[in-house]
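Heads up, the thing below is written out as structure tokens.
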Amino acid sequence: MVNQFTINLGFYMLMPYLAAHLSGGLGLAGWTVGLVLGVRNFTQQGMFLVGGTLADRFGYKPLIVAGCLLRTAGFAALGLSSSLAALVAASAATGLAGALFNPAVRAYLARDAGEERRVAAFALFNVFYQAGVLLGPLVGMALTAVDFRTTCLVAAGVFAVLSAVQIRSLPARRGSGPDEGHERTGVLAQWRGVLANRPFLLFAGAMTGSYVLSFQVYLALPLEVRRLGGGGTGGTVATALLFVVSGLGTILLQTRVTAWCRARIAPGTALVAGVAVMGAAFLPLLAASALPVPGAGPGRWALAAGPPALAAFLLALGTVLAYPFEMDTVVRLSGDRLVATHYGLYNTVCGVGITLGNLLTGAALDAARAAGLAALPWLALCALGAACALSLRALHRGRRLAGSEPVPAV
Numbered sequence: 001m002v003n004q005f006t007i008n009l010g011f012y013m014l015m016p017y018l019a020a021h022l023s024g025g026l027g028l029a030g031w032t033v034g035l036v037l038g039v040r041n042f043t044q045q046g047m048f049l050v051g052g053t054l055a056d057r058f059g060y061k062p063l064i065v066a067g068c069l070l071r072t073a074g075f076a077a078l079g080l081s082s083s084l085a086a087l088v089a090a091s092a093a094t095g096l097a098g099a100l101f102n103p104a105v106r107a108y109l110a111r112d113a114g115e116e117r118r119v120a121a122f123a124l125f126n127v128f129y130q131a132g133v134l135l136g137p138l139v140g141m142a143l144t145a146v147d148f149r150t151t152c153l154v155a156a157g158v159f160a161v162l163s164a165v166q167i168r169s170l171p172a173r174r175g176s177g178p179d180e181g182h183e184r185t186g187v188l189a190q191w192r193g194v195l196a197n198r199p200f201l202l203f204a205g206a207m208t209g210s211y212v213l214s215f216q217v218y219l220a221l222p223l224e225v226r227r228l229g230g231g232g233t234g235g236t237v238a239t240a241l242l243f244v245v246s247g248l249g250t251i252l253l254q255t256r257v258t259a260w261c262r263a264r265i266a267p268g269t270a271l272v273a274g275v276a277v278m279g280a281a282f283l284p285l286l287a288a289s290a291l292p293v294p295g296a297g298p299g300r301w302a303l304a305a306g307p308p309a310l311a312a313f314l315l316a317l318g319t320v321l322a323y324p325f326e327m328d329t330v331v332r333l334s335g336d337r338l339v340a341t342h343y344g345l346y347n348t349v350c351g352v353g354i355t356l357g358n359l360l361t362g363a364a365l366d367a368a369r370a371a372g373l374a375a376l377p378w379l380a381l382c383a384l385g386a387a388c389a390l391s392l393r394a395l396h397r398g399r400r401l402a403g404s405e406p407v408p409a410v
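What the sequence shown shows, in the UniProt record's numbering, is residues 1 to 410, in sequence order.
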């Protein structure tokens, strides 16, 4: 729990301000800024499967420690480097670091919590996760006001301390890997076994849309706030409100909502309800698109801040409903074998979906502005949520989410 909180604290104190540093502080062209940021995302998403595979073969602790050490070096290099080649290498290192420790952390938590406590553990995990997301940018804002290099070095220091703590205090853990009770199998055979897990792949595909929806807190909602509220102080405050509402909503509601769901409804029902709420999160924006836009003043600011903030809260609520059961379902569908590999592939599938979904969402936003159809992107996102919820409902009713049979290694 502390590991994930600290990872997010260090990451989010730096990353929200990196683009401004690259373009303003270093004077890089827009395409080079996109290259540096894109390399990090591409490296992380592309290497998740490798990171999960290594965690299953060598244990969870070595991958967690290696990822923290690599991110220490990557963040320090981002602050000390000015050449494009060095910045690209540093960005790739930070992405690879995430690919190493993310599947291992989740598999470690699932292993230590056990079947009975797994859902509750992932609920608490999400509280620590969101607390880091919420606090990190505030710390980074104060540090960046001094100097961005200071922000990078402090973030690197956070990961260095975390690495030392993990080396000293984190007990070694490993799950049921490819060689437990068998002769060690090759990596390709291991991957073929995971890819043969049809219920898992169907579940990953159905959940991909939920990640596209939740990511709109970073894309469509801030763009809508900026479109209506402008880029001044009012727009900045309205944008910050999105993240405050999202983070605090998760922190305050997660464990209570999860306990309520566990006592009253089936895990599959909670998943369906969570994704349905995420799709419904864009209804306030759909309704607001039919209203006339007021002139400058309190009315315009309320329209710019209110519906997006409500959407951000509903997205958080949907995530609160679904996330612990989602993480538990991945373990159950893995048959409790090669858990980190399953998490790695799951993250890769969802990451590709986020990339494609964001491209389509961006195109829909552009088309809406050009055609004067403000409702178009919100209608499309609502439809995506409904389609994913119906897909999950079909899997749940067909008992494809039970995951009672172990997955073969080959």
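Idealized CB from N, CA, C, for every residue including glycine.
Computed from a prediction, not measured in an experiment: that's the story for all the values here.
From residue i to residue j, what does the alpha carbon distance come to, in whole angstroms?
{"i": "glycine 157", "j": "alanine 73", "result": "10 Å"}
{"i": "asparagine 347", "j": "phenylalanine 215", "result": "14 Å"}
{"i": "arginine 118", "j": "alanine 322", "result": "14 Å"}
{"i": "lysine 61", "j": "leucine 228", "result": "47 Å"}
{"i": "alanine 287", "j": "alanine 196", "result": "43 Å"}
{"i": "glycine 27", "j": "arginine 40", "result": "20 Å"}
{"i": "alanine 364", "j": "serine 82", "result": "36 Å"}
{"i": "alanine 120", "j": "histidine 396", "result": "21 Å"}
{"i": "glutamate 183", "j": "aspartate 56", "result": "Any reading at glutamate 183 must be qualified, since the residue scores a pLDDT of 44, below 50, and its modelled position is unreliable; the value itself is stated next. Using only the alpha carbons, I get a separation of about 15 Å."}
{"i": "asparagine 358", "j": "arginine 399", "result": "31 Å"}
{"i": "serine 210", "j": "glutamine 166", "result": "32 Å"}
{"i": "serine 391", "j": "arginine 192", "result": "25 Å"}
{"i": "glycine 344", "j": "alanine 89", "result": "22 Å"}
{"i": "glycine 140", "j": "phenylalanine 11", "result": "9 Å"}
{"i": "glycine 353", "j": "threonine 208", "result": "6 Å"}
{"i": "phenylalanine 393", "j": "leucine 63", "result": "Here residue 393 is arginine; the residue named in the question, phenylalanine, does not match the sequence. Taking the straight line from one Cα to the other gives about 35 Å."}
{"i": "alanine 290", "j": "alanine 204", "result": "35 Å"}
{"i": "phenylalanine 200", "j": "valine 339", "result": "12 Å"}
{"i": "residue 412", "j": "glycine 186", "result": "Since the first residue shown for the chain is 1 and the last is 410, residue 412 is missing from the structure and cannot be characterised."}
{"i": "residue 413", "j": "aspartate 328", "result": "A query on residue 413 cannot be resolved here, the shown segment of the chain reaching from 1 to 410 and no further."}
{"i": "alanine 370", "j": "valine 217", "result": "23 Å"}
{"i": "glycine 25", "j": "leucine 84", "result": "13 Å"}
{"i": "alanine 20", "j": "alanine 29", "result": "11 Å"}
Would you call the CB atoms of residue i and residue j closer than 9 Å?
{"i": "glutamine 44", "j": "glycine 98", "result": "yes"}
{"i": "residue 411", "j": "cysteine 388", "result": "Examination of residue 411 is not possible in this model, given that the chain is present from 1 through 410 alone."}
{"i": "tyrosine 129", "j": "asparagine 8", "result": "yes"}
{"i": "methionine 13", "j": "alanine 164", "result": "no"}
{"i": "leucine 49", "j": "leucine 70", "result": "no"}
{"i": "alanine 77", "j": "alanine 86", "result": "yes"}
{"i": "leucine 35", "j": "valine 212", "result": "no"}
{"i": "threonine 6", "j": "glycine 95", "result": "no"}
{"i": "leucine 401", "j": "proline 307", "result": "no"}
{"i": "serine 42", "j": "leucine 134", "result": "As written in the sequence, residue 42 is phenylalanine, which differs from the serine given in the question. No."}
{"i": "cysteine 68", "j": "leucine 143", "result": "no"}
{"i": "threonine 32", "j": "leucine 22", "result": "yes"}
{"i": "leucine 188", "j": "serine 246", "result": "no"}
{"i": "residue 452", "j": "valine 293", "result": "Here the chain covers residues 1 to 410 and nothing more, so residue 452 does not appear."}
{"i": "serine 91", "j": "leucine 37", "result": "yes"}
{"i": "aspartate 220", "j": "threonine 361", "result": "Just to set this straight, residue 220 is alanine in the shown sequence, not aspartate. Yes, the pair counts as a contact, with Cβ atoms nearer than the cut-off."}
{"i": "residue 432", "j": "glycine 234", "result": "As shown, the chain starts at 1 and ends at 410. That puts residue 432 outside it, with no answer to give."}
Can you name, in chain order, every residue of its own chain whose Cβ lies under 8 Å from the Cβ of residue i, other than the five neighbours on each side?
{"i": "alanine 386", "result": "Ala276 and Gly279"}
{"i": "alanine 368", "result": "Ala374, Ala375, Leu376 and Pro377"}
{"i": "glycine 59", "result": "Ala172, Arg173 and Arg174"}
{"i": "isoleucine 265", "result": "Ala273"}
{"i": "asparagine 126", "result": "Thr250, Gln254, Thr319, Val320, Tyr323 and Pro324"}
Skipping 5 residues on each side, what residues in its chain have a beta carbon closer than 6 Å to that of residue i?
{"i": "proline 16", "result": "Pro137"}
{"i": "residue 497", "result": "The structure shown does not extend to residue 497, since the chain spans only 1 to 410, so no value can be given for it."}
{"i": "residue 411", "result": "Limits of the chain in this structure are 1 at one end and 410 at the other, which puts residue 411 out of reach."}
{"i": "valine 380", "result": "As written in the sequence, residue 380 is alanine, which differs from the valine given in the question. Answer for alanine 380: Ala364, listed in chain order."}
{"i": "threonine 341", "result": "Gly52, Thr53, Asp56 and Val194"}
{"i": "alanine 270", "result": "Cys261, Leu321 and Phe325"}
{"i": "leucine 149", "result": "Per the sequence presented here, residue 149 reads as arginine, with leucine not at that position. Closer than 6 Å at Cβ, skipping near neighbours: Gly79."}
{"i": "proline 222", "result": "Thr239"}
{"i": "leucine 317", "result": "Val277"}
For residue i, I'd like the list of residues in its chain whose CB is within less than 7 Å of its CB, leaving aside the five on either flank, ordered along the chain.
{"i": "leucine 241", "result": "Ala305 and Ala309"}
{"i": "valine 257", "result": "Val320 and Leu321"}
{"i": "valine 105", "result": "Asn3, Gln4 and Ile64"}
Using beta carbons (cut-off 9 Å, strictly below), is residue i in contact with chain C?
{"i": "leucine 373", "result": "No chain C is part of this structure, which consists of one protein chain only."}
**Q.** Length-filtered (4 minimum) alpha helix (DSSP H) runs lying within the region 324-407
**A.** 339-371 and 376-397
Q: Identify every run of the alpha helix (DSSP H) within the region 174-242, keeping only runs that are complete inside it and at least 4 residues long; order them along the chain.
A: 187-195, 198-214 and 220-229
Q.
What ranges does the alpha helix (DSSP H) occupy inside the region 238-300, keeping only unbroken runs of at least 4 residues that lie completely in it?
A. 267-280 and 283-288
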